[in-house]
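Quick notes on the structure that follows.
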Amino acid sequence: MDGMLSQDEINALLSGMDLDSDVSAEADSPADSAGDAVDESLLSDIEKDAIGEVANISMGTSATTLYSLVNRKVNITTPKVTMANWATVIEEYPKPCVFIRIKYTEGLDGSNILVLQENDVKIITDLMMGGDGTNTDGELGELHLSAISEAMNQMMGSSATSLSSMLGKKIDISPPDANLVNMNELYDTGGIEEYMKGTFVKIAFRMQIGDLVDSSIIQLYPVDFARSLYDIFMENQMGMNAEAEKPAEPAPMPAPAPAAPAPAPAPTVSMPQFEQVSMPQMAMPQMAMPGMVMPQPTMNVQPAQFQAFTPEMAAMIGQENIGLIMDVPLEVTVELGRTSKTIHEILDFAPGTIIELEKIAGEPIDVLVNGKFVAKGEVVVIEENFGIRVTEIIKD
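Every position in the sequence shown, counted from 1, becomes a number in our numbering once 21 is added.
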């Protein structure tokens with residue numbers, strides 16, 4: 022043996038080296054590090070369609086809530102439901118993204134994750150703070166994360182309300198938790214959920230906010246959570262269909278009407294509450310009716326009696342009516358006279374100042390009742406008090 026390798030041996034060695042290189046390369050690939058290949062058989066097409074319908078309705082309500090927060094037209098298109106693993110997700114979202122974890126506390130058991138792009142979060146938070154959506158410079162900080170958490174809390178809260186009416190049971194969530202993550206490093210640091218290490222459900226939406234945002238957002242569901250959501254949805258739908266197809270209960274039969282009394286034979290029947298009255302014979306065309314006795318009730322009819330309206334009665338009524346207010350007190354004022362002064366003249370008033378009135382000495386003074394001029398009179402002195410003697414009654 023000369024120590025030289027034959028061509029066949031060289032080819033065998035080269036094939037072995039290529040095989041080892043491929044194995045090493047596959048071990049370092051994201052698909053291998055992120056888990057096995059996507060298992061499309063975990064959910065049927067019917068289950069995917071039902072989950073997409075649930076997500077479409079709930080996310081439509083969330084879009085309305087987001088519109089009220091950013092004051093811009095928001096459009097979220099019909100979702101696309103597919104199976105995915107971590108490798109397929111990071112192919113679509115290679116840059117840092119915002120992970121929003123949503124946990125259900127009532128009605129549903131489980132959680133899901135909403136993934137938003139970093140720049141979209143900056144635009145949404147800027148609009149929420151009163152900006153025009155263009156202030157997106159700088160890094161994403163705690164202020165952005167706090168604002169987007171509040172936005173998602175309201176959006177997912179309205180989504181839970183829609184789910185409650187759709188699934189026929191109360192649905193509630195805990196406050197969402199938002200974090201900025203690097204998709205390429207998250208798996209290695211152990212920051213992903215356990216279900217993301219295998220195949221899970223990905224629901225992709227296209228989100229448009231005015232002319233500022235036109236990108237995609239995704240929701241990640243565990244397969245078990247998606248199945249339970251499908252089961253509840255179908256159970257509620259079948260219950261609604263059964264209720265709609267349930268035959269209406271027949272209406273209760275009306276109570277039989279009392280039998281009409283048989284006609285009384287004439288003229289031998291005597292009824293105690295009626296008197297027999299003889300009716301004159303009447304000639305009818307083609308029929309002659311002999312004297313038939315018809316029972317008629319006895320009625321006492323009298324003309325209506327009305328009380329006459331006389332002047333004496335009207336006066337008596339008037340006296341009775343005014344008697345109801347005879348004890349009402351009225352304020353009587355005696356006005357000696359009036360005059361007009363300027364503010365400057367009034368400020369000059371001092372003890373001893375004489376004010377001249379427009380009344381002439383000896384002229385009757387005015388008597389007012391509740392401010393209305395009713396009489397004239399003259400001043401008299403009664404012991405130590407002044408009084409007024411009425412000399413004239415003023416008539417309207």
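We put the beta carbon where it would ideally sit given N, CA and C, even for glycine.
DSSP, read as helix, strand or coil, puts Asp-245 in helix. Short of 6 Å from the beta carbon of Ala-168, and not among the five residues preceding or following it, lie these beta carbons of its own chain, in chain order: Thr-146 and Met-149. By the Cβ-count criterion, Ile-67 is exposed, with fewer than 16 other Cβ atoms from all chains shown falling within 10 Å of its own Cβ. In the structure shown, Tyr-114 adopts coil according to DSSP, grouped into three states.
Taking the Cα of Lys-94 as reference, the smallest distance to any Cα among Thr-85, Val-102 and Lys-101 is reached at Thr-85. Between the alpha carbons of Leu-166 and Gly-231 lies a gap of roughly 22 Å. Ile-145: not part of any beta strand (DSSP E); member of the alpha helix (DSSP H) spanning 139 to 149, first to last residue.
Counted as a single uninterrupted DSSP element, the stretch harbouring Glu-405 is not any alpha helix (DSSP H), since DSSP gives it neither H nor E.
With a cutoff of 9 Å on beta-carbon distance, Met-177 and Ile-144 are scored as not near each other. Counting C-beta pairs closer than 8 Å gives three or more between the segment 217 to 229 and the segment 102 to 112, which meets the contact rule. Among the bridge pairs identified by DSSP, Ile-213 is matched with none. Met-187 sits away from Ile-97, with the two beta carbons spaced by 9 Å or more.
Fewer than three beta-carbon pairs drawn from the segment 251 to 259 and the segment 233 to 241 are found closer than 8 Å, and the two stretches are therefore not classed as touching. The beta carbons of Ile-414 and Ala-396 sit about 5 Å from each other, so the pair counts as a contact at 8 Å. For Val-136, the closest C-alpha among the options Leu-368, Ser-65, Arg-227 and Met-347 is that of Arg-227. Annotated three-state conformation of Lys-416 is coil, per DSSP.
A buried status is given to Ile-134, since no fewer than 16 other beta-carbon atoms sit within 10 Å of its beta-carbon. Taking 9 Å as the cut-off, the Cβ atoms of Lys-69 and Thr-103 count as close. The C-alpha of Glu-171 is placed about 12 Å away from the C-alpha of Ser-195. Between Ala-58 and Ser-132, the alpha-carbon positions lie close to 23 Å from each other. Going by DSSP, Ile-230 is part of the beta strand (DSSP E) stretching over 221 to 230. Going by DSSP, Ala-181 is part of the alpha helix (DSSP H) stretching over 163 to 188.
Under the DSSP assignment, Lys-101 falls in the beta strand (DSSP E) whose first and last residues are 101 to 105.
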